[in-house]
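Chemist: Chains as they are written, first to last, in the numbering used here: chain L, 39 to 831; chain X, 39 to 831.
There are 2 protein chains.
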Amino acid sequence: MSSTETLTQPPTEDFALLDAYWRAANYLSVGQIYLLDNPLLRKPLLAEHVKPRLLGHWGTTPGLNLLYAHMNRVIKARDLNTLYITGPGHGGPGLVANAYLDGTYSEVYSAIDQDESGMRALFRQFSFPGGIPSHVAPETPGSIHEGGELGYSLVHAYGAVFDNPDLLALCVIGDGEAETGPLAASWHSNKFLDPVRDGAVLPVLHLNGYKIANPTVLARIPEDELAELMRGYGYEPHFVSGDEPFDVHRQLAATLDEVLDTINAIQHNARTGGSPERLAWPMIVLRTPKGWTGPKIVDGLPVEGTWRAHQVPLSETRTNPEHRAQLEAWLRSYHPEDLFDSDGRLIAELQALAPDGARRMSANPHANGGLLLRELVMPDFRDYAVDVDHPATSSSEATRVLGAFLRDIIAANPDSFRLMGPDETMSNRLNAVFEQTDRAWDAQTVPGDDHLAPDGRVMEVLSEHLCQGWLEGYLLTGRHGLFNCYEAFIHIVDSMFNQHAKWLKTTRHIPWRAPIASLNYLLSSHVWRQDNNGFSHQDPGFIDHVINKKAEIVRVYLPPDTNTLLSVADHCLRSRNYVNLIISGKQPALTYLSMDAAIAHCTRGLGIWDWAGNTDGEPDVVLACAGDIPTLEVLAATHLLRQHLPQLKVRVINVVDLMRLEPDSEHPHGLADRDFDALFTTDKPVIFAFHGYPSVIHRLTYRRSGHHNIHVRGYKEEGTTTTPFDMVMLNDLDRFHLVMDVIDRVPSLGSTAAVLRQHMADARFAATAYTREHGEDDPAIADWTWPSAAAGV
Amino acid sequence: MSSTETLTQPPTEDFALLDAYWRAANYLSVGQIYLLDNPLLRKPLLAEHVKPRLLGHWGTTPGLNLLYAHMNRVIKARDLNTLYITGPGHGGPGLVANAYLDGTYSEVYSAIDQDESGMRALFRQFSFPGGIPSHVAPETPGSIHEGGELGYSLVHAYGAVFDNPDLLALCVIGDGEAETGPLAASWHSNKFLDPVRDGAVLPVLHLNGYKIANPTVLARIPEDELAELMRGYGYEPHFVSGDEPFDVHRQLAATLDEVLDTINAIQHNARTGGSPERLAWPMIVLRTPKGWTGPKIVDGLPVEGTWRAHQVPLSETRTNPEHRAQLEAWLRSYHPEDLFDSDGRLIAELQALAPDGARRMSANPHANGGLLLRELVMPDFRDYAVDVDHPATSSSEATRVLGAFLRDIIAANPDSFRLMGPDETMSNRLNAVFEQTDRAWDAQTVPGDDHLAPDGRVMEVLSEHLCQGWLEGYLLTGRHGLFNCYEAFIHIVDSMFNQHAKWLKTTRHIPWRAPIASLNYLLSSHVWRQDNNGFSHQDPGFIDHVINKKAEIVRVYLPPDTNTLLSVADHCLRSRNYVNLIISGKQPALTYLSMDAAIAHCTRGLGIWDWAGNTDGEPDVVLACAGDIPTLEVLAATHLLRQHLPQLKVRVINVVDLMRLEPDSEHPHGLADRDFDALFTTDKPVIFAFHGYPSVIHRLTYRRSGHHNIHVRGYKEEGTTTTPFDMVMLNDLDRFHLVMDVIDRVPSLGSTAAVLRQHMADARFAATAYTREHGEDDPAIADWTWPSAAAGV
């Protein structure tokens, strides 16, 4: 139904109070951007009442405030449970203003009272040193979304309502944000939403026409075309347009009533077994001027309704009396004297417009998800253990086993755990989950489709942005999950990870924010096994990216085999407020540790593998490894060394928890120098075979006393479509090269070693020749296991 | 016009030859995936004729081949200049097959002749150790697009046709890829295309229905809805659907004729001053079965037309005789004996279907852009120099000056240089470019719009993905450009950078690929000056990301002031086959070097600033800096040290070219150890103030003998909306803290130093107190300049 039709039913309210509430929010928003003092304008505005540095964004704010006021109206009328997701997150003053108006702000920040001095403090703190950020931020009550980096509002909104059947997420999307790729893809989230078990998202595309200095695309295509776009995305658009406040109030109120009726009808129909036909969810296009109600002309140039209103419309209010007079007139145009009583408190008539308690969008517990977080019900991971009688002699597919564990976690937590991935759950061999659940899918199905259902717990879409964003929204509202992804392509969400890690870092210092479940990544199709995809699929750099964030937030695990993966996964899924990065191959691979040994090893995070080395005492050389493929190569190299240079004392160290390598002064998991030195020695050569870029190991260990002895092999950006062993050879990470590295670094091994070194070089040459002739690795290499005689078992 | 209407005009051709050409391409595709030998099936197929490891993707390939054959038809009929952009890049066998059929492959790879032994070699090399990758790759003639990481085909296609008025880019978009964010946003590129000066993109959305294991969203929404989506994106969709080859041939040929007529009409109308009305560009939705013409049933399960056809439909062809028999029947179904002559050469009748010379899509010079590359016409960058009489005493806005240089580059290269940015050209103070050009914009305009025109050289859209993708397409087809972006948000394109860097690395070793212009980034709104945006906008980690790629590809520059920025920009814009990362602030900042000195400094890449230090001989301490803000703080710290500890011998080193820090064994720009040691000493403390994360400096210098003396300050992930000096204090990068660092590391400075240290701690406290009271930095700090007396000038 179009906006014209909507208007044929004129609402009976006059909206005078609602308009006053909107004015109060606008007044408080402008006050935050501009004022140091004189918050109620009881005195003429002087230069010293104005902040010296004006930092904030006015342009989007009146629109955000308008929607807030109207949402308050329908929340009260319908007792709605509503989250407000602010895409244009730089409109921080608006969301703070509304949380202040409804009382939440003073409840969580006792210094910001609802009186004149509180208002002064509210104004002063905004974008002020020692104060609060200019954007909607973790500090802002009611928010799960910063909006500093644009593009993720809609995907967060969907993530929030999954498995929250009674929740409505109002999602304001700026027309700037709408140009981003992630947002453009997010509209299709409606094909993954189950109207029975999930809540509803009401997208409001706010067309104020401009970005920083430019018009926006969606504001400058014909309205018919925009309507087609929205219908093509599966929504029924409703248009609300205008620049006359009461006209817009009438349109918006009527439209909100209509779309909420539609949402109600869709949910009622689905939940009572009505027609299975897929109905179009409603959305609103709100077209109002940028910087609406602000200065129309400044210095002779139009401001309201143009890109000039983006940040601070009047920039010289401290030095230019004309600007200051305009600011004062602007502030007074809201009539603060009618809105706030003599104490500076919102008048009772307006207070009554806000919902109560947890119905306030600023106080909705879903926006502080830790409050709602329930512990995951976890089966005992030990029950999924594979038998390991002798290390490195039998094989298992680590992720396939993990799949069974995840299957049972899904079963035990039917409404609070989801598994995300860009169509790689099967490819990553987590198949067992499909014994328990399906893929979420609410579009058409045809015979032969495999495990598709509206209420599936597995969410697959070929967009890492959507996987990440859905999961973030789901976690931030108090649930649990895991994102499995190709290692190389997790870089697609580097920036989203950054923002989430920054959010977590900040919330740790906000007392009223309760901890949420960690964001867990499982990177399974990793750099070393891109046999059929080649160079474009080879990049282990997400580790580097993750460890740039605060140590208190990030954890990196490289379990070498199946049982260690189970132990690590159990640990990560129980944790809070972290980002856990787990990297583990999906191919059949040797197993090393029984479950008891795996638990002990993971608890320590790293340790000597006595069975692999040949000394209890001081070694001549340390072979260290982190990652499944490097572990295999180190063990094969160790065996070669023990076989050919039995006099050489070798110690083998495996690292599961990468951050153990850092000093304890740098990371909570860091090893004390004394312990590190005891393991790695301070004077013996360490040959370190690493899953990722070698510089990571140097970076983590550069403060260690033995650092100059550490020689790292890892991915050096060489690769193509080839065999697994050719891949490690291309990067000098193979067993033969590791033996050569040892020989090169242990002095005085004598002539046997020189012969062995040549033998190793020959072995590399022969291995290359074999693969080029046969198109596969020499089985003697590919099927290598630890010879039991040498294992001493 | 719908496909039904199209069919009312039955084409007169019978398509038998075209179908045979398609069969030949399909045959060669299957052969590449499966066969080691017996390429023409002149013998029964034996196990040893089949590859031991089957690595490749069949599912998308027949569709790619179908389009290729049909495009050959229209290219010949209309003498079109056409690029073929393959979104589903894993369909490598198809593009290789077509390049082989039209002769290009044998021209560039002489070992792959057009005869039986050449065909054997063609088959064998595919996805084989020492052979070629499984995807469309740099090695594939005719490609500018790998397609391993999905999402960028359409944006590359648009980038390729900008300023190429006669070029047509056929862009095949997989329905998997269509789910990605970047692709979803790319459709709107049509609002940035000028039908007069740019060429045309013909998108073909290939709905084969499935990703790896899942249906695709766009294949499972009603066709009406899909049509609305495309019209909403501004395209007129044409549907071609079927699974009967000749029916599809007829539909597709008629549709291609129709859409090419439409493109012609749009261009003719625009170029002859016809109606200014914005016309909808055509696009095609091609709905054919996944793995079309492959096995229908394997092991009792449907394969053709399902996700099971994604990779290798028959997986046990070496060990399972039934699979092998199916493979043989499949191959023979194309009737190779009718397609290739007794020598194994494509029969002449079919050869005649391919275009000639550079009209072949595999040989189009735009796909090897270096061939078409013209040198940029460059004004002399020295002409834009700012006067610097005394170092660190006057100010300038570096990017504002660069803007004038860019303005004149744009003027001198009106059809081969573009400036990309997500709406930040003004914000980054490159305004001067608008004296010469406009923003590219082909949507509606309204009075008051600022510098919008269809043929603008500045491309602004709020999508880093589009900026990056357009520029990549533009560079790969032989043109030049610069991408200016907020530093934090360049992470949005981390993964796109990866793929481009990998492409460049690979092309360096392909003799027939001519070098292209470098990809240049200018990060101007950087981590240290996010005054009004705060923590979400603070991330200098793109440096870390970039330097993980091959040293032969990547360059990182941190010019400290205006003249050094000009010199660096000139160098980067002239370079080839690199990724150049330039980081430079946009705020007024001190200038240090006259143009002559700047050129000398940039040529060396780093050097001692004698005027700042107080010794020509061996120093007691080295203060090093990289980045504009760290340079300012180091100089202010140096001045404090010289004032309060005049006996301390201080050397100041500024680093512009970051990779100079690495050993010359690691990077072509690396300093020899001897030179590094001479600059930084091997035994004196080095306090290094760095723009980014401190670990970068440790990583680059860990092999240097004096590394254990290098103490780095940089961004440690602390920040919010605050003043510039508060930002550096939050991260211990401020002048006062640097002085404290020096005192802590130079032994036996005595009691004066102890007093000074306390004085510095007090100064930090006072500076914090000042900003919290006044909301701005103490002018004594903010307006600091080098006192001329101390400068000894």
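Yeah, the Cβ is synthetic: ideal placement off N, Cα and C, and Gly gets one too.
Give every residue of the same chain whose Cβ lies closer than 8 Å to the Cβ of E462(L), excluding the five residues on either side of it in the sequence, and list them in chain order.
Modeler: Excluding sequence neighbours, E462(L) sits near E498, N522, C523, Y524, S562, S563.
Chemist: Helix, strand or coil, according to DSSP, for N358(X) in the structure here?
Modeler: Three-state DSSP puts N358(X) in coil, outside helix and strand.
Chemist: Could you tell me which chain L residues have their CB closer than 9 Å to the CB of L384(X), listed as they occur along the chain?
Modeler: Result: empty, since nearest Cβ-Cβ is about 26 Å, beyond 9 Å.
Chemist: Establish whether the CB of S433(L) and some CB of chain X are separated by less than 8 Å.
Modeler: False, the Cβ-Cβ gap to chain X never drops below 8 Å.
Chemist: Sorted by chain position, which residues of the same chain lie with C-beta nearer than 8 Å to Q47(L)'s C-beta, five sequence neighbours on each side aside?
Modeler: Per-residue confidence for Q47(L) stands at a pLDDT of 45, beneath the threshold of 50, marking its modelled position as unreliable; the derived number appears in the next sentence. Same-chain partners within the cutoff: A292.
Chemist: Quick check: V341(X) and L245(X), are their CB atoms within less than 8 Å of each other?
Modeler: The answer is no: Cβ separation not under 8 Å.
Chemist: Keeping to the same chain, check which residues put their C-beta closer than 8 Å to that of S40(L); ignore five residues upstream and five downstream.
Modeler: In this prediction, S40(L) scores a pLDDT of 37, lower than 50, which makes its location untrustworthy; the coordinate-derived value is nonetheless stated afterwards. Counting only Cβ-Cβ distances below 8 Å, and skipping sequence neighbours, we find H276, F277.
Chemist: Does chain L have any CB closer than 8 Å to the CB of S574(X)?
Modeler: Closer than 8 Å: yes.
Chemist: What are the residues of the stretch 805-822 of chain X that lie near chain L, defined by any Cβ-Cβ distance shorter than 7 Å?
Modeler: Within the stretch 805-822 of chain X, the qualifying residues are T809, R810, H812, G813, E814.
Chemist: So, is the C-beta of A347(X) closer than 8 Å to a C-beta in chain L?
Modeler: No, A347(X) lies away from the interface with chain L (no Cβ there is under 8 Å from its Cβ).
Chemist: Output yes if chain L places a C-beta closer than 8 Å to the C-beta of I581(X); else output no.
Modeler: With 8 Å as the cut-off, I581(X) does not count as an interface residue toward chain L.
Chemist: For H373(X), count neighbouring C-beta atoms within 10 Å of its own C-beta (all shown protein chains included) and say buried if the count is 16 or more, exposed if not.
Modeler: Per the 10 Å Cβ criterion, exposed.
Chemist: Would you report the Cα separation of P220(X) and A650(X), rounded to the nearest angstrom?
Modeler: So the alpha carbons of these two residues sit roughly 48 Å apart.
Chemist: What first and last residue would you give for the alpha helix (DSSP H) that runs through R445(L)?
Modeler: Looking at the DSSP string, the run of the alpha helix (DSSP H) that includes R445(L) is 436-450.
Chemist: What does the Cβ neighbour count give for R680(X), buried or exposed, with the cut at 16 atoms within 10 Å?
Modeler: Burial call: buried.
Chemist: What residues in its chain sit with their C-beta under 8 Å from that of F419(X), if we drop five residues either side in the sequence?
Modeler: Here the set comprises F443, L604, S605, A607, D608.
Chemist: State whether the stretch 154-171 of chain L contacts the stretch 807-821 of chain X, with contact taken as three or more CB pairs (one from each stretch) at a distance under 8 Å.
Modeler: Cβ pair count under 8 Å is three or more, so yes.
Chemist: Have a look at G329(L), A62(L), L388(L) and flag the residue whose alpha-carbon is nearest the alpha-carbon of M12(L).
Modeler: Residue 12(L) lies beyond the stretch modelled for chain L, which goes from 39 to 831, so this question has no answer here.
Chemist: Any beta carbon from chain L within less than 8 Å of I448(X)'s own beta carbon?
Modeler: False, the Cβ-Cβ gap to chain L never drops below 8 Å.
Chemist: Looking at C-alpha atoms only, which residue of R309(L), L670(L), V242(L) is the closest neighbour of E215(L)?
Modeler: Measuring from the Cα of E215(L), the nearest candidate turns out to be V242(L).
Chemist: Below 8 Å between beta carbons is the criterion; list the residues of the stretch 471-496 of chain L that meet it against any residue of chain X, in chain order.
Modeler: Under the 8 Å Cβ criterion, the stretch 471-496 of chain L contributes R477, W479, A481, Q482, T483, V484, G486, D487, D488, L490.
Chemist: For chain X, is any of its Cβ atoms less than 8 Å away from the one on T437(L)?
Modeler: So no, T437(L) is outside the interface.
Chemist: Please list, in chain order, the chain L residues whose beta carbon lies closer than 9 Å to that of S533(X).
Modeler: Simply E502, A526, F527, I528, H529, I530, V531, D532, D577.
Chemist: Tell me whether S40(X) sits in a helix, a strand or coil according to DSSP, three-state version.
Modeler: At S40(X) the pLDDT is 37, less than 50, meaning the model places this residue with poor confidence; the figure from the coordinates comes in the next sentence. The answer is coil: DSSP assigns S40(X) none of H, G, I, E or B.
Chemist: Please report whether the beta-carbon of S40(X) lies at a distance below 8 Å from any beta-carbon of chain L.
Modeler: With a pLDDT of only 37 at S40(X), under the threshold of 50, the placement of this residue in the model should not be trusted, and no figure is reported.
Chemist: Judging by CA-CA distance, which residue of Y808(L), A807(L), V777(L), D421(L) is the nearest neighbour of L794(L)?
Modeler: Here the closest residue by C-alpha is V777(L).
Chemist: Indicate whether at least one CB of chain L lies closer than 8 Å to the CB of R356(X).
Modeler: Chain L contact via Cβ: absent.
Chemist: For V336(X), which option in A115(X), Y143(X), F200(X), N358(X) has the closest C-alpha, if you only look at C-alpha atoms?
Modeler: Looking at the Cα atoms, N358(X) is the closest of the given residues.
Chemist: Answer with yes or no whether the minimum CB distance from G408(X) to chain L is below 8 Å.
Modeler: Answer no: the Cβ-Cβ gap between G408(X) and chain L never drops below 8 Å.
Chemist: Could you pull out every unbroken alpha helix (DSSP H) segment of at least 4 residues lying fully inside the stretch 627-666 of chain L, listed in chain order?
Modeler: The stretch 627-666 of chain L contains these whole alpha helix (DSSP H) runs: 633-642.
Chemist: Below 8 Å between beta carbons is the criterion; list the residues of the stretch 245-268 of chain X that meet it against any residue of chain L, in chain order.
Modeler: Against chain L - using a Cβ distance shorter than 8 Å - the residues of the stretch 245-268 of chain X are K249, I250, A251, N252, P253, T254, V255, R258, I259, P260, E263, L264, A265, E266, L267, M268.
Chemist: Would you mind telling me which residues of chain X sit closer than 7 Å to Y271(L), beta carbon to beta carbon, in chain order?
Modeler: Correct list: L267.
Chemist: Using the beta-carbon of each residue, which ones in chain L are nearer than 8 Å to N76(X)?
Modeler: The contacting residues do not exist; N76(X) stays about 15 Å from chain L at best.
Chemist: Using a cut-off of 9 Å between C-beta atoms, extract the partners of K834(X) located in chain L.
Modeler: Outside the modelled stretch of chain X, which goes from 39 to 831, sits residue 834(X), for which no answer is possible.
Chemist: How big is the Cα-Cα spacing for L661(X) and F472(X)?
Modeler: Distance between the alpha carbons of L661(X) and F472(X): 40 Å.
Chemist: Measure the C-alpha to C-alpha separation of Y138(X) and L208(X) and round it to an integer number of angstroms.
Modeler: Rounded to whole angstroms, Y138(X) to L208(X) spans 19 Å at the Cα level.
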